[in-house]
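Participant: Before I ask anything, here is the structure I am working with.
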């Protein structure tokens, strides 16, 4: 079975049409997505670092772990603030794959992006938050809800300030324990007079330490 040359050779007009049609990315909220991506990447790095420290055989010092937790809480607050800032833009954004998107190799990612409902664990988080809040969202006035949330933010900000102040008052990072003090005193010890050749040879070959004059008298 043969084909005509017209079917084998592509039409130049078709190639020109494909070259002129390009993907339009003007409507993509790149600023909002990049901001959220950067905040989530920082939070993920901090959570992974805490997990690695807790999985070690020897647990880290409490002040080191507390410092890392404070950083993580700050980054979590930054993620929340960023999502609230771009809430209107993100809620109105519709995700859809382009024809060139590798749907086979990135099926899980595509399924997550196109998901219309919340994941089961997310629904559990929302349900727990509503129960903890103790407010019926179906009957409460929006202004009253906004006022309640603002009061919670003010209380949280006040509590964080008190915690930071008290933490600075009880900062024990620069203190040394008894062993560290003894070690530093031993390292700074200087003999009152040079060691004799005999005492050096006794220590080298027999492991015997020369007694000081005060120890010999005792």
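In our numbering, the protein residues as written are 12 to 229.
Quick reminder that beta carbons are idealized off the backbone N, C-alpha and C, glycines included.
Being a predicted model, the structure only gives us computed values, none of them experimental.
#1: Does the Cβ of residue 77 have 16 or more other Cβ atoms within 10 Å, making it buried, or fewer, making it exposed?
#2: Can you list, in chain order, the residues of its chain with a C-beta nearer than 7 Å to that of residue 90? Leave out the 5 residues immediately preceding and following it.
#3: Using only alpha-carbon positions, find the residue among 80, 73, 98 that is nearest to residue 47.
#4: Hey, could you find the ends of the alpha helix (DSSP H) residue 160 is sitting in?
#5: Where does the unbroken alpha helix (DSSP H) through residue 98 begin, and where does it stop?
#6: For residue 43 and residue 100, which I take to be in contact (beta-carbon distance under 8 Å), what is that distance rounded to the nearest angstrom?
#7: Between which two residues does the alpha helix (DSSP H) holding residue 48 run?
#8: Consult DSSP for residue 74 and reduce its assignment to one of helix, strand or coil.
#9: Under a Cβ-count criterion, where at least 16 other Cβ atoms within 10 Å of its own Cβ denotes burial, should residue 86 be classed as buried or exposed?
#10: Just how far apart, CA to CA, sit residue 45 and residue 120?
#11: Going by CA-CA distance only, name the one from 104, 117, 136, 152 that's closest to residue 127.
#12: Between which two residues does the alpha helix (DSSP H) holding residue 141 run?
#13: Taking C-alpha atoms, which residue in 179, 94, 108, 215 lies nearest to residue 74?
#14: Are the CB atoms of residue 83 and residue 57 within a distance shorter than 8 Å?
#15: Which residue wins for smallest C-alpha separation from residue 40, given the options 106, 68, 63, 64?
#16: What span of residues does the alpha helix (DSSP H) with residue 119 cover, start to end?
#17: From residue 153 to residue 161, what does the alpha carbon distance come to, in whole angstroms?
#18: Would you tell me roughly how many angstroms separate the C-alpha atoms of residue 130 and residue 68, rounded to the nearest one?
#19: Spatial neighbours of residue 108 within its chain, please: CB distance less than 7 Å, with the 5 preceding and 5 following residues excluded, ordered by chain position.
Facilitator: So, from the data block:
#1: exposed
#2: 50, 51, 54
#3: Of the listed residues, the one whose Cα sits closest to residue 47 is 98.
#4: 153-180
#5: 98-102
#6: 5 Å
#7: 41-65
#8: Three-state DSSP puts residue 74 in a helix.
#9: The residue in question, residue 86, is buried, as its Cβ has 16 or more Cβ neighbours within 10 Å.
#10: 17 Å
#11: The shortest C-alpha separation from residue 127 is found at 104.
#12: 131-144
#13: 179
#14: yes
#15: 106
#16: 118-124
#17: 12 Å
#18: For residue 130 and residue 68, the distance between alpha carbons rounds to 34 Å.
#19: 114, 121
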